[in-house]
Every structure is written in C-alpha cells, then in structure tokens.
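Asks: First the structure, then my questions, so here it is.
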Amino acid sequence: MLLLNHLWIILALPLAGAAINGLFGKRWPQSAVNSVAVGSVVLSFLAAAETVREFFHLAADQIPFIGNYFTWMVGGEATSHAFRVDFALQIDQLTVVMLMVVTFVGMLIHIYSTGYMAHEGGYYRFFCYLNLFMFFMLTLVMAANLIVMFVGWEGVGLCSYLLIGFWFLKKSAADAGKKAFIVTRIGDFGFTVGILLVFATFGSVAFGEIFANVSDKSVDVLTTICLLLFAGAIGKSAQLPLYVWLPDAMEGPTPVSALIHAATMVTAGVYMVARMNPLFSRAPVAMLVVAIVGAVTAFYSATIGLVQTDIKKVLAYSTVSQLGYMFLACGVGAYTAGIFHLMTHAFFKGLLFLAAGSVIHAMGGEQDMMKMGGLRKKIPATYWTMFIGTLAIAGMPGFAGFFSKDAILEAAKDGPHANLILWLLGVAGAGLTSFYMFRLVFLTFFGKPRYDEHKVHVHESPKNMTVPLMVLAFLSIFGGWFAAPKLVGGIDYFDKFLAPVFSAYAPTHVAEVEVRVVDPSLRPYPEPSPAMELVRSLISWPVFVGVLGLLVAWYFYIKRPDIPMKMAQSAHALYLLLLNKYYVDEIYAALIVRPLLWISTNVLWHVVDEGAIDGVVNGTATVARESGSQARKLQSGNTRSYAAWVILGAVGFTVILFVILDVVH
Amino acid sequence: MSAVPISFYLVLSAILFGLGVVAFVFKRNIITIFMSIELMLNAVNLAFVAFARARGELDGLVFVFFVIVVAAAEAAVGLAIVIMLAQNRQSLNVERVNLLKL
C-alpha cells in the first residue's frame, strides 16, 4: 500500500522533469536533459507498475481506490448542492489499463526521441513539453472527477499545441498548432457545458457520486449530457466533423505524432466516453450517435488514406479511422472492445509512427512515399518492425489488431446494440485500412529506389530508436493475446478484467442480456469444439477483407505498378476528390473561416474595437486632457492672481450664503 | 454716552478690508503687499472688537489677541523672506518671483 496511498507520485515525476528541464535545461548538455526527461518518465512508469501491483491486492469493494488530496474549490453554502471539487485521483481497472499504456508507450517514445531529436535545436524545450504532456495525460486518466479530468484534458491540448508548433519558425507548423487548438476548442465548449449540466443534474462532479445517482435521472437529460460530452470527444479524438486538425498536426516532430496524436491524447475522448459509460448506457440516442460518428469516420477517413502520398498523412488518416472504430465499439456498448482497441492501437500505431519517423530520419527528412522505395534491405530493423505494425493494424490473425478489431466488429454485428449498416461500414473500412497500409509498406520498402541514391545516404537509425521499435513490435504481436483464449471458445481475459468498471452501474436490462447468453443449455446448436471455434474466428469477414486489401495492394504496387496511375486517370474526379480530402478544409474555409475572418476584420476589429472600445478609452483621455489644459491656465504662478481668485471665491461664497441660501433669516 | 451704532464700525471695517484687498491685488512691491495684509487683519480685528462691544462679551476680544499674535509671528517670518528675496533678486517686485511657474 506504499504507493497506492500516494498516487500523486506518478503525476509529480514527469511534472518535476518538465520543471527542471524547462528552468535549467537550456544551459545543460543533451545528456543531462536526457537523463532528467527519460529518467522522470521511467520512474513514473515504475511507480505506476508498483501501484498497479498493489492495486491487484485490493478487495473488490475497495475499487475504485480514491486518493483525495485537498479540496480545490468550494462554492456556495455547505449544503448538499454546494459546488465542491476535490483534487482527487482514483484508480480502477480502466485507469490501470490507461496508466500502463500511457506510461509505457510514453517511456518508449521518450527514449526514441533522444535519438530522433538529437540534431534539433530547442532540445530541452522539446523534452520539457513532452514531460509536461505526460503529467497532464496522467492527470486525465487518473482523475476522480470531471473537473480534474478537464484540467488534464485541456493540459494535453496545450502540450499538443506547443509540440505541433515546435518548429514555430515554419509558418505551416505554427498554423497547424493554432488549428489544432482552435478546432478542439469547439468540441471543448460542448464538454464544458456538459460538465456544468452534470453538476446541475447530479449536484456533484465526482464520478462515484454521479454514477450512484444515475438511475433516477430522465433519459432526455442524460442524452443531452452525453451528446455534449461526446462533442468534446469529437474534438479531442478527431472525429467527423472536427477531425481536420489531426492530419495537419503531422507538422510536429514524429515522436509527438506517435505519442500525442496516435497513442495517447487522441484516445482521451474514447477513454472519457468509456469512463462515463453509466450515462451513455442509459442514453440510447447518444449511443447511436457515437456509433454512427465512429463508423462513418472509420470508413470516411480510410478512403482519404488511400491516395495520400505523405507517409505521415497516411498514418494520420489511419489514426482518425482507428479512433472511429473505438467509438463504434463504445457506441454499440462494447466498451471493453473499444478500450482494448485503444490499447493495441497505442502499440501498433505508436510503432508505425516511430517506424515512419525512422524512415524519414533515414531519408534525411523526406516524407513523400513517391520519393522512397526499395528501403527494405537498407534499413532492415525499421522494415521488419513496420511490417509487423502493418500486419497488426490490418487485423491479420494472431496480431494485436486482429483481436481488438474483431471484438469491435463482432459487437457491432452480434452485440446488444448491433447494427448491420455500421458493421458493414466497419468491415469496409477494415479492408481499406489493410489496403492503404500495405500500399504504404510496398511504396516505401519495395520496388526500385525512386530517390537519387547519390544524394541521399540511407542509414539505419541508432539503437535508442530501433530498440523502442522492437519493443513495440513485440507488443503489436502479443499485446492482444489477452483475448486469444476466446478464439478456442475460452474467456477474453481483457474483457473479464475490465468488466467491473462497465457492469457496476450498467442499466439492468443489459445484465439480463448477458445472463441469457451465458446459459449454454438454451443454445439451439451443440457446443462447438475449440478447433471449430478457431476456424470460425479465422474465417470471418474482417480477416477476409484484410487479406483482400493486402492482395490488392500487392497487385497494384508490386505486380503491376502502372495500374494505380491508370486508375487515377480513368476515375480522375474521384481521385481528385480523395486526394484533396473531399475538399473539407476548403469547405470549412469558405463556410466558417472566411466569414468569421470577414466579420472579425470589418465589424469586430474596425467598428467595435477601433470605433467603440478605443473610442471610449481615447475619448475619456481626450476629455481629461482638454479640461486639464483649460484648468491649467488658472495656475498662473502669479501670487496676486491667486489672491484675486481667493477673493472672488469668498465673494461668491458670501453671495451664495446671503442671497441664494438666505442664511440671515 | 451716545453709542456709535455697530454698523458704522462694520462699514469702516469693510472699507479698510476692501482697501487691503485692492492693494494686495494691484501692488507689486512685496512690502506694500505685506502692509495690505496687515491692513486686512486689522480690519477684521476692528469688526471683532465692534461685535464684542455690541454683544457685551469677551470672546471677540480674545480672537483679536490671537490675531495680533499670529500677525506678529507672520510679520517676523514674512519679513525674513522679504530680506532673503531682496538679497537674492535685488528687487522687491513679486512679478519676478516666478520660479515655480510653468
């Protein structure tokens, strides 16, 4: 119980690292900055691991374990409806998963960054921000109430902004940072209003108190709350229609894309929806919205990924698409599948981004896949790890992505909230995912080099970059095996582990459904043998479309490399539509950005600001100055004129007393 | 004893005070200005004495003594300033005492 009673240590370590590097890092050598940054995150990981070990010794009724450190805010009378926020952290099964993912992947990416950023300016600044990000992300996942969660939520947004715009001298990077911040702010508005509505409805923002009182609230209020909270998730997790910031966020350094924009921060929305599951489960309309947004995003952004040529952009659209799957899972009530995919995605997408970074590093900064090719032999470690990541994301049997994606699609097809159209979108998206990911691998590593071999000296990345790749590749294979026994008719251990979080406050009718499934004697068919179950799991639509995507990509980009060109020409309009990302950025610019800019410039700036606000301020100053310069003339410095004024005043006063006020009578 | 009406004293006092004011405002010689201040003070003294006599009380007379004492002190300080001024400026014209003017 040593660390369990001091949950704050996990947060404090990266914060201390950020503070030290931020204050002193500028004058220190890189090795010192490295040891502070990596050291603090490694210690944080170890603290988290020890905390989790202690967590497993807790009795079921002690979970969630809450550490309440101080009362942060108190408002109003000390009645039952007083506004009271504690700085409280909690740990339960869901937090355990997030905690391990965040600290472990974060640690690997910190190590990787020491190699990737070695030749960059602002080295200390980068690690200061990265550590600060870890602090806020851990705050987010360990928060025991919505306000503390919101602190983490906004904090990671801030760090995202700072790190996207890390190379702030580059205009596109600075713009991308601003875009990310502003677009997520739109969603955060909904999130904020949602929190206020939660407080208005439940009289508390602490998770335990909210969930305990959820069953007697009306469905309409819960639906509104859920939709508002989900608006925040849409912004943070880059779903339709607020996904536009994520592809641009690739302007940041690649480790940032891996840590923030693939593995952790963008999954905060999924985590939040899963955390608020007692509310969502009671709001069927909100659930349907979540599922639809997720499924449509999963399919939609996969189509954009088909034609992108920037290696990081492909991965960015792929991230948007995979996040869509997670929301689809939450929307059909399969929260564990969503969190499972969140975890495996953190492994394989973190891996893919880091490997892409290694490719970019090897190519001396080139990101265009059309200028790569044939790198397989030159950077074998990167190639193999990236290939494993691709197999995982494509859902090839045995790899991590297979288990989690299968769980999602199965829930969409057979779960309590099954929906055939959403399932079809998911399966189609899975096929597209497989295609564009293998396209990426084939374009990058196979075929003939399409760069000038005399100018670009391709070199394998240093050990501190390849080792994290290998660790993540290992996890991309085995990270999903918690669910493996299910293939042969056994238990999904991940599902079983998380079940308490999602069943504790589940609405009663869901529990009934589970009971019905469990009873084997009611099944119309005999109990299948493990071997049959295995065959049935492997011959499924997701696997089939995954393999199909692989074969099509192989045929297009290795066997007949001329076909994509011809297809692009024959279906030119469609190709252009996809290449330009459905012109969504242009549509937003025309519908929202430009009108807003026009109003801001011509009304708010020139009329309201310059006319009204400046007018009032300058007018006040002018009146004071003019009256002062008139009154100044009285102060002539001439003694006798003062005397004259005194006398005039005395006379005037006398006149007032005697004539006007008539004091004599 | 046929009493002189109080209004006579008051009118005389007002005339003396008015003369003092006019002299204070229009004269430039600082010693003259000083004298006009004394004139005003004594005009006020006269009014105090007249009221004290008319009302048969001593309060006004007490005020007169205060005024005389203050006037003496003021004369001591004022004349010292005048001497310093005369030494520094070689002039008694108040128009030239304008260092604090804008």
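Top to bottom, those sequences are chains A and B. Numbered per my numbering, the first sequence finishes at 687, counting up by one with no gaps. Numbered per my numbering, the second sequence finishes at 729, counting up by one with no gaps. C-beta atoms are modelled at their ideal positions from N, C-alpha and C, and glycine is treated no differently.
1. Where does the unbroken alpha helix (DSSP H) through B/V671 begin, and where does it stop?
2. Which whole runs of the alpha helix (DSSP H) in the region 597-663 of chain A are 4 residues long or more, in chain order?
3. Check the Cβ-Cβ distances between B/I658 and every residue of chain A, and say whether any is below 9 Å.
4. If I follow the unbroken alpha helix (DSSP H) through B/R716, where does it start and stop?
5. Among residues of its own chain, excluding the 5 on either side of A/S194, which ones have a beta-carbon nearer than 6 Å to its beta-carbon?
6. When DSSP builds the beta bridges, which residues end up paired with A/T93?
7. List the residues of chain A whose Cβ lies closer than 8 Å to the Cβ of B/V652, in chain order.
8. I'd like the list of long-range same chain contacts for A/L600, defined as Cβ closer than 8 Å, with 5 residues on each side in sequence excluded.
9. For A/I88, which three-state DSSP category applies?
10. Buried or exposed: A/T623, going by 16 or more other Cβ atoms within 10 Å of its Cβ?
11. Under 8 Å, with one C-beta from each stretch per pair, do the region 570-581 of chain A and the region 448-459 of chain A reach the 3-pair mark?
12. Identify, in the order they occur along the chain, each residue of the same chain with its Cβ nearer than 7 Å to the Cβ of A/L35, setting aside the five sequence neighbours on each side.
13. Give the C-beta separation of A/A110 and A/G89 to the nearest angstrom, bearing in mind that I take them to be a contact with Cβ-Cβ under 8 Å.
14. Please report the distance separating the alpha-carbon of A/V537 from that of A/W620.
15. Figure out for me which residue from A/V463, A/L556, A/V567 has the closest Cα to the Cα of A/A450.
16. Give the DSSP-derived three-state secondary structure of A/I513 in the structure shown.
17. Can you give, in chain order, each stretch of the beta strand (DSSP E) that sits fully within the region 370-443 of chain A and has at least 3 residues?
18. Run through the region 118-190 of chain A for me and flag every whole alpha helix (DSSP H) of 4 or more residues, listed as ranges in chain order.
19. Kindly indicate if chain B contains any beta-carbon less than 9 Å away from that of A/G659.
20. Quick check on DSSP: helix, strand or coil for B/N720?
21. If you compare alpha carbons, which of A/A414, A/F155, A/G512, A/I585 is closest to A/S500?
22. What did DSSP end up calling A/A228 once you bin it into helix, strand or coil?
23. For the region 710-721 of chain B, which residues have a beta carbon sitting closer than 9 Å to at least one beta carbon of chain A?
24. I want to see whether chain A comes within less than 9 Å of B/N725, judged by CB atoms only; does it?
25. For chain A, find out if any of its Cβ atoms is closer than 9 Å to the Cβ of B/V648; answer yes or no.
26. Under DSSP, the alpha helix (DSSP H) around A/T289 begins and ends at which residues?
27. Assuming A/A495 contacts A/G411 under a Cβ cut-off of 8 Å, what Cβ separation, rounded to an integer in Å, is found between them?
28. Would you mind working out which of B/L719, B/N715, B/A681, B/L643 sits nearest B/M667, comparing C-alpha positions?
29. Leaving out five residues on either side along the sequence, give the residues of the same chain with a beta carbon under 6 Å from the beta carbon of B/A681.
30. When the distance is taken between beta carbons, is A/V74 closer than 9 Å to A/L37?
31. So, is A/T363 buried or exposed, given that buried needs 16 or more other C-beta atoms within 10 angstroms?
32. In chain order, what residues of the same chain lie with their CB nearer than 8 Å to the CB of A/D210, ignoring the 5 residues before and after it?
33. Looking at C-beta atoms only, is the number of pairs between the region 365-384 of chain A and the region 280-299 of chain A that lie closer than 8 Å three or more?
34. Out of curiosity, what's the CA-to-CA distance linking A/V311 and A/E608?
35. Let me confirm a value: A/P490 is counted as buried when at least 16 other C-beta atoms fall within 10 Å, else exposed. Which label applies?
Replies: If we stick to the structure as given:
1. Here residue 671 of chain B is taken as the residue at index 44 of the second sequence, counted from 1. Segment 657-682, the alpha helix (DSSP H) holding B/V671.
2. 606-610, 616-620, 636-653
3. Taking the first residue of the second sequence as 1, we reach residue 658 of chain B at position 31. No, no contact with chain A.
4. Taking the second sequence and counting its residues from 1, one reaches residue 716 of chain B at position 89. Counting along the chain, the alpha helix (DSSP H) containing B/R716 begins and ends at 686-716.
5. Indexing the first sequence from 1 puts residue 194 of chain A at position 172. The answer, listed in chain order, is E273.
6. For the purposes of this step, residue 93 of chain A is taken as the residue at position 71 of the first sequence. Per DSSP, A/D108.
7. By one-based count along the second sequence, residue 652 of chain B stands at place 25. Under the 8 Å cutoff, chain A gives R662, A665, A666, I669.
8. The count along the first sequence starts at 1 and reaches residue 600 of chain A at position 578. T325, I326, L328, V329, listed in sequence order.
9. Within the first sequence, residue 88 of chain A is the residue found at index 66, counting from 1. Residue state, collapsed to three classes: strand.
10. To locate residue 623 of chain A, count along the first sequence from 1; it is residue 601. Per the 10 Å Cβ criterion, exposed.
11. yes
12. The sequence position of residue 35 of chain A within the first sequence is 13, counting from 1. Closer than 7 Å at Cβ, skipping near neighbours: S62, L65, S66, A69.
13. Counted from its first residue, the first sequence places residue 110 of chain A at position 88. Counted from its first residue, the first sequence places residue 89 of chain A at position 67. So it is a contact: roughly 7 Å between Cβ atoms.
14. Indexing the first sequence from 1 puts residue 537 of chain A at position 515. Indexing the first sequence from 1 puts residue 620 of chain A at position 598. Any reading at A/V537 needs caution, since the residue's pLDDT is 43, under 50, leaving its predicted position unreliable; the model's value is listed next. Rounded to whole angstroms, A/V537 to A/W620 spans 59 Å at the Cα level.
15. The sequence position of residue 450 of chain A within the first sequence is 428, counting from 1. Answer by Cα proximity: A/V567.
16. Against the first sequence, residue 513 of chain A aligns to sequence position 491. Looking at A/I513 - three-state DSSP - the assignment turns out to be coil, as it is neither helix nor strand.
17. none
18. 145-164, 168-186
19. Sequence index remark: in the first sequence, residue 659 of chain A carries index 637 (1-based). Chain B, which has a Cβ nearer than 9 Å to the Cβ of A/G659, makes this yes.
20. Here residue 720 of chain B is taken as the residue at index 93 of the second sequence, counted from 1. DSSP places B/N720 in strand when its eight states are reduced to three.
21. Here residue 500 of chain A corresponds to residue number 478 of the first sequence, with the count starting at 1. The sequence shown places Phe at residue 500 of chain A, rather than the Ser named in the question. Ranked by Cα distance from A/F500, the options A/A414, A/F155, A/G512, A/I585 are led by A/A414.
22. Taking the first sequence and counting its residues from 1, the one referred to as residue 228 of chain A is at position 206. Of the three classes helix, strand and coil, the one that applies to A/A228 here is strand, per DSSP.
23. V721
24. For the purposes of this step, residue 725 of chain B is identified with residue 98 of the second sequence, where counting begins at 1. By this cut-off, B/N725 is an interface position.
25. For the purposes of this step, residue 648 of chain B is taken as residue 21 along the second sequence, with counting starting at 1. Closer than 9 Å: yes.
26. By 1-based counting over the first sequence, the position of residue 289 of chain A is 267. Per DSSP, A/T289 belongs to no alpha helix (DSSP H) and is neither H nor E.
27. Here residue 495 of chain A refers to the residue found at position 473 of the first sequence. Here residue 411 of chain A refers to the residue found at position 389 of the first sequence. 7 Å between Cβ atoms; contact.
28. What you label residue 667 of chain B is simply residue 40 of the second sequence in a count that begins at 1. Taking only the C-alpha atoms, the option nearest B/M667 is B/L643.
29. Counting from one through the second sequence, the residue named residue 681 of chain B turns up at place 54. Contacts found: I633.
30. Within the first sequence, numbered from 1, the residue matching residue 37 of chain A stands at position 15. Within the first sequence, numbered from 1, the residue matching residue 74 of chain A stands at position 52. The answer is no: Cβ separation not under 9 Å.
31. Start at 1 with the first residue of the first sequence, and residue 363 of chain A comes out as number 341. The displayed chain sequence assigns His, not Thr, to residue 363 of chain A. It counts as buried.
32. The sequence position of residue 210 of chain A within the first sequence is 188, counting from 1. Counting only Cβ-Cβ distances below 8 Å, and skipping sequence neighbours, we find W175, E176, G179, G254, G257, K258.
33. The region 365-384 of chain A, when compared against the region 280-299 of chain A, does touch it at the 8 Å Cβ threshold.
34. Here residue 311 of chain A corresponds to residue number 289 of the first sequence, with the count starting at 1. Here residue 608 of chain A corresponds to residue number 586 of the first sequence, with the count starting at 1. Those two C-alpha atoms are separated by around 26 Å.
35. Along the first sequence, one-based indexing puts residue 490 of chain A at 468. By the 10 Å Cβ count, A/P490 comes out buried.
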